[in-house]
Every structure is written in structure tokens, then in C-alpha cells.
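In my numbering, the protein residues as written are 5 to 417.
Read the structure below first, then the notes.
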């Protein structure tokens, strides 16, 4: 949660209390604005970013079919644990078995044709060789046309033989494809895990996953040994996160337990979000927080909240978030601008000096749950105005104030 958001939230909660206190003081007629006074002290601060999301397994595989066919057997139920290679379901294999049989027959025919083409080629080669021998012994025994015809016959027979060899290779590939299709009628577990979703029943038609991922989904198997919560963090907070930050994770289904986790991934691009009522678009980033020791009975899609620790300060000067306010602060001449004409919005607190509230600029560091770290501008023991919120918002510099305790005790401290 950003600094300005915390100021607004704490201020809103204090408005009603401030209004009631102001009414009582006005009725009493006492001098000075009634305020709550607090001494600046040192505290241990923890800065956090809180975001909500859903539980999911780091590894989850959607099982889908590569073929279309009717499911004849499902061997698992939702919630079952499976091992890699375990049978999940079967698809009706009849049409694919028939395709394998046709492919085998086609391959046999191709082999027979190739054998016949080989015989014809060999016969043509022998005929050509005999004519060449006769021609060598006596040129008049074999005419040129006869020799050319024999050569052509041999060349054609050789080409046909090569063609049949290619037909054999094609038939072998077709058979292999048919066998692969038949093998896909049996689906096995791709990973070790739990069946977290079973989307079909026996008798339904499994569609090839190429049609649609959602339509083709049969089941989901999740490896629940590594669990994470995927949360969305606002753009003002995501820059404070880093890989390895620790987090406390609360899961709605386990209300009495806070689990320990660490940030394991921060998206580099924002999530597309619709415009709000004011027309502004919310810019959020996906952040993954992995459980260090998830419970055995945890399930994907459970809702949860991660409180990510971004920084820790030990024994530092701090002030209540409600005490921090913004005022127009005159720029000094040393800043190169006339102090009479220019005001700069400056964060600060009202310090009590001789019962007068004086605005003092401060520089703050991290924000805890209820306090801001003060880097400079205050010292331990300084008295500051710590409420009510409405009074601080309306308070002018150098205004006389008195403690709300004085009003309640009849003007004595």
C-alpha cells in the first residue's frame, strides 16, 4: 500500500472521531485548538505490500486429445494421484485399427509392385546387355533402332523401379502415421501429480485439441509438491518488490494459519485492465509467491492474500501515519526563487512548541502498518500533533493548541 493511500485511509477513519472532539471543545469554550499530542519515539517498522489472488500449482498440465473419438473408458477420478505413464483413459480405437489394416495392405501391395518393377528392370538390363554383346561381335546382327529400343526399355524399367521404391516409402510413412493415431487412443499421465480437474465422462466425444483448448480439455493434472499464490500488485507497489522477498500467506480455507512464502517471479509487463469509473485504467502486475511448506490438503483456485515484506527498520524515529500532512512551504532565496511568490507542497508534521503548533517539514522513509520512518526533521522526544485527522488537515501554522486530555480533565494536565 502506497504512502498516500495509507494517509487517506487513516485519515478517513479519524474524521468522525475528530469531528466529535471538536464539537466537545467548542462547547467547553476553552482557548486553543484541541489536538491529540504524542511524543516522537523509536520503533521497529516493517514495510509490506498486501495483495490477493488464487492458489495454483507451479506445474499443471492440461491433458487433451490429439484425435477425435468417443471415450470408452476413464481409469481415474478427480482427486486421484497418478504417476507418470499411468493409464488415464481410452478412446474408441476401431476406426484407427481399420486405418492401420488398410495401411499395412497398401504397404504389402507397394512391396509387390516394387518387386515386379525390379524384375522388369533386371530383364530389360539383360536384354540390353545381350544386344550389346551381339553388336560387338558383329555390327550387322543388331540394328541401331533395336539397340536404342532396348536402351529405352531399360531406362523406363529403371525409372518405374525407383517410383515403386518411393511408393513403398510412402506406404511405410502412412502406416507409421496410422499406428501413431492408434497409439493416441490411449492417454497416459504426463507427470506425477493429482487429478485436479476431470472435464469429461465415458461416452462423450473427445475433440482434437487443435479445435479449441477449452473444448478439447479432458483433465488437468497438477504437481502439488510446489504451490504458489498468484497475486496482482499495483504499479505503485510493484517497484518495491524483489525476487526472494519473504511473505506471510493467509488462505481463506485455513483461517487460523499463516504460511511462509517467498517471491519467485515478478511479471515485466502489466496486465490489461478495464477503465474504472473515473476513466483511469488500473495498472497491475502479476507476482508469484511460492509456499515454503504448503499443507497437503491445499487445492488450486483457493483464494488467499500475501503480505510481502519489502523492508525492515529497527529502532528508528517514527511518527503516526495520521500525523503526516502536506502544506505549501515557501521556497527560500537560496533556492533561486522569490519566497514571496512560490509555494512548494511539502510533507511535514506539526510540532508543539510552547503550546503552539508549528509546521515542520520532514523527510520520511518506509511506511509500516501505522507509522512512517522519519529520516530527518525530528528528534526523539519531540511533541507532535497526532490527531484528529480533520483537525490536522485544517490546522494552520503557528496555531495555539491544547491537548484533548486537558479538555477531558477540566483544563489540567
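Where a beta carbon is used, it is the ideal one built from N, C-alpha and C, also for glycine.
**Coil, strand or helix - residue 55 by DSSP** = strand
**Request:** Tell me, to the nearest whole angstrom, how far the beta carbon of residue 267 is from that of residue 59; I am working on the premise that it is less than 8 Å.
**Result:** Not really, about 16 Å apart at Cβ, beyond 8 Å.
**Request:** Look at residue 377 and residue 317 and say whether their C-beta atoms are less than 8 Å apart.
**Result:** yes
**Asked** Within 10 angstroms of its Cβ, does residue 145 collect 16 or more other Cβ (buried), or is it exposed?
**Response** exposed
**Prompt:** Under three-state DSSP, which class holds residue 329?
**Reply:** strand
**Asked** What are the residues that DSSP puts in a beta bridge with residue 137?
**Response** None; residue 137 has no bridge partner.
**Asked** From the DSSP output, which residues share a beta bridge with residue 418?
**Response** With the chain represented from 5 up to 417, any question about residue 418 goes unanswered, as that position is not in the structure.
**Request:** Could you name the residues of the same chain whose beta carbon sits closer than 8 Å to that of residue 264, not counting the 5 residues immediately before and after it, in chain order?
**Result:** 250, 251, 252, 253, 295, 296 and 297
**Message:** Using 8 Å for Cβ pairs, my map puts residue 94 next to residue 77. What's the rounded Cβ distance?
**Reply:** 4 Å
**Prompt:** In this structure, does DSSP put residue 84 in helix, strand or coil?
**Reply:** coil
**Message:** Whole angstroms are fine: how far does the CA of residue 306 sit from the CA of residue 41?
**Reply:** 45 Å
**Asked** Quick one: any contact between the stretch 85-93 and the stretch 185-200, if contact means 3 or more CB pairs under 8 Å?
**Response** yes
**Prompt:** Do the stretch 79-89 and the stretch 172-188 touch if we need at least three Cβ pairs shorter than 8 Å?
**Reply:** no
**Prompt:** Nearest to residue 212 by CA position, among 206, 220 and 245, is which residue?
**Reply:** 220
**Request:** Classify residue 287 as buried or exposed, calling it buried when 16 or more other Cβ atoms lie within 10 Å of its own Cβ.
**Result:** exposed
**Item:** When 270, 272, 181 and 302 are compared against residue 230, the one with the closest alpha-carbon
**Value:** 302
**Start and end residues, beta strand (DSSP E) containing residue 159** = Looking at the DSSP string, residue 159 is not in any beta strand (DSSP E); the run it does join, the alpha helix (DSSP H), is 148-187.
**Request:** Please look up how many angstroms separate the CB atoms of residue 111 and residue 175, rounded, as I've assumed it's under 8 Å.
**Result:** 4 Å
**Message:** I want to know whether the stretch 46-62 touches the stretch 238-245 - three or more CB-CB distances under 8 Å.
**Reply:** yes
**Asked** residue 260: which of 299, 103, 224 and 235 sits nearest, CA to CA?
**Response** 299
**Those runs of the alpha helix (DSSP H) which lie wholly inside the stretch 235-309 and span at least 4 residues** = 239-242
**Asked** Does the beta-carbon distance from residue 355 to residue 368 come in below 8 Å?
**Response** no
**Message:** Check for me: the alpha helix (DSSP H) holding residue 397 runs from which residue to which?
**Reply:** 393-398
**Message:** Going by C-alpha to C-alpha distance, which of 165, 332 and 236 sits closest to residue 289?
**Reply:** 236
**Prompt:** Which of the three DSSP states, helix, strand or coil, is assigned to residue 213?
**Reply:** coil
**Request:** List the endpoints of the continuous beta strand (DSSP E) containing residue 368.
**Result:** 367-371
**Prompt:** So residue 44 and residue 382 are in contact, right, with Cβ under 8 Å, and what is the actual spacing, rounded?
**Reply:** 5 Å
**Prompt:** Between which two residues does the beta strand (DSSP E) carrying residue 75 extend?
**Reply:** 73-78
**Request:** Going by CA-CA distance only, name the one from 384, 228 and 274 that's closest to residue 304.
**Result:** 228
**Request:** Grab me the residues of residue 197's own chain with a C-beta within less than 6 Å of its C-beta, minus the 5 sequence neighbours each way, in chain order.
**Result:** 225, 226 and 227
**Message:** Just to confirm, is the Cβ distance from residue 247 to residue 262 under 8 Å?
**Reply:** no
**Classification of residue 349 by the beta-carbon crowding that lies within 10 angstroms, buried from 16 upward** = exposed
**Request:** Determine the direct distance from the alpha carbon of residue 360 to that of residue 418, and round the result to whole angstroms.
**Result:** Lying before the first or after the last residue shown, residue 418 is absent from the chain, which here runs from 5 to 417.
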